[in-house]
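Notes follow once the structure below has been shown.
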Amino acid sequence: MDHPEKSICLDGLPDFTCLPGEGHHLRGAIIISPSYDYLERAYDDAKYGNFSQEPYLDIILPSVLDPDMAPPGKHVMSCFVQYVPYNIKGGWDDQKREAFGDAVINALARFAPNIKELYFIGRYLRLQILNQLLA
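Written as C-alpha cells, this is what we have:
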C-alpha cells in the first residue's frame with residue numbers, strides 16, 4: 043500500500059462542520075474517518091487496486107503553528123491518505139492523479155465545505171516518488 047501525501051495551499055482556514063471556526067482544534071491532527079464502515083470501504087478499494095472516492099485522511103495544518111510557512115492570511119495543509127494501492131489498476135497516469143486529487147478535496151469538502159473556495163494549489167507525493175528521491 044502507498045500512503046501519498048497531498049500538500050494544499052489555502053486562502054484561509056478550513057471551517058469544519060463538526061467544530062466550526064478557528065481554534066485549538068486546528069493545531070493538532072485531524073482525522074477524516076467517520077465510521078468503521080467508511081474505513082473498511084477505503085481499504086477495500088485499495089485491496090482491489092483502486093483509490094477510494096472517500097479516503098481515510100490524516101490532516102495537519104502546520105502553518106497554524108508556524109505562520110512563517112505561508113504568507114499572511116494563507117495556510118498550508120498536509121493530507122496523508124491511507125490505503126492507496128502502490129500499483130494502481132491500469133497504472134498511474136495524469137488522469138488518475140487528477141481524479142485522486144479530486145477525491146481528496148471532495149472528501150474534505152464533506153466535512154469542511156469551504157475547502158473548495160480556499161484551495162488554490164496542491165500537489166501530492168507518492169511513496170514510490172519519495173523512495174526515488176531518497177535513494
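Here our numbering is used: the first residue of the sequence shown is 43, the next is one more, and so on.
All C-beta atoms, glycine included, are put in the ideal place defined by N, C-alpha and C.
Beta carbon of I74 nearer than 9 Å to that of A149: The answer is yes: Cβ separation under 9 Å.
Check whether the Cβ of K116 sits closer than 8 Å to any heavy atom of the ligand HEM, and report yes or no. The ligand HEM is not part of this structure, which contains no ligands at all.
Quick check on A88: buried or exposed, where buried means 16 or more other Cβ atoms within 10 Å of its Cβ? That one is buried.
List in chain order: all unbroken alpha helix (DSSP H) runs of 4+ residues lying wholly within the stretch 66 to 134. The alpha helix (DSSP H) runs of length 4 or more contained entirely in the stretch 66 to 134 are, from start to end of the chain, 78 to 89, 104 to 107.
Using DSSP with H/G/I as helix, E/B as strand and the rest coil, what is L167? At L167, the pLDDT of 49 sits below 50, so the modelled position is not reliable and the matter cannot be decided from this model.
Is the beta carbon of K131 sitting closer than 9 Å to the one on G91? Result yes, Cβ atoms of K131 and G91 sit closer than 9 Å.
From C51, A154, Y80, pick the residue whose C-alpha is nearest to that of Q95; which is it? Out of C51, A154, Y80, Y80 has the C-alpha closest to the C-alpha of Q95.
What span of residues does the alpha helix (DSSP H) with F142 cover, start to end? F142 -> alpha helix (DSSP H) spans 136 to 153.
Determine the extent of the alpha helix (DSSP H) in which L160 is found, giving its start and end residues. Note, L160: alpha helix (DSSP H), 157 to 160.
For V118, which residues in the same chain have their Cβ closer than 8 Å to its Cβ, ignoring the five residues on either side in sequence? Excluding sequence neighbours, V118 sits near S49, I50, C51, L52, L103, P104, S105, M111, A112.
Below 9 Å between beta carbons: does that hold for A145 and P114? Cβ atoms of A145 and P114: not closer than 9 Å.
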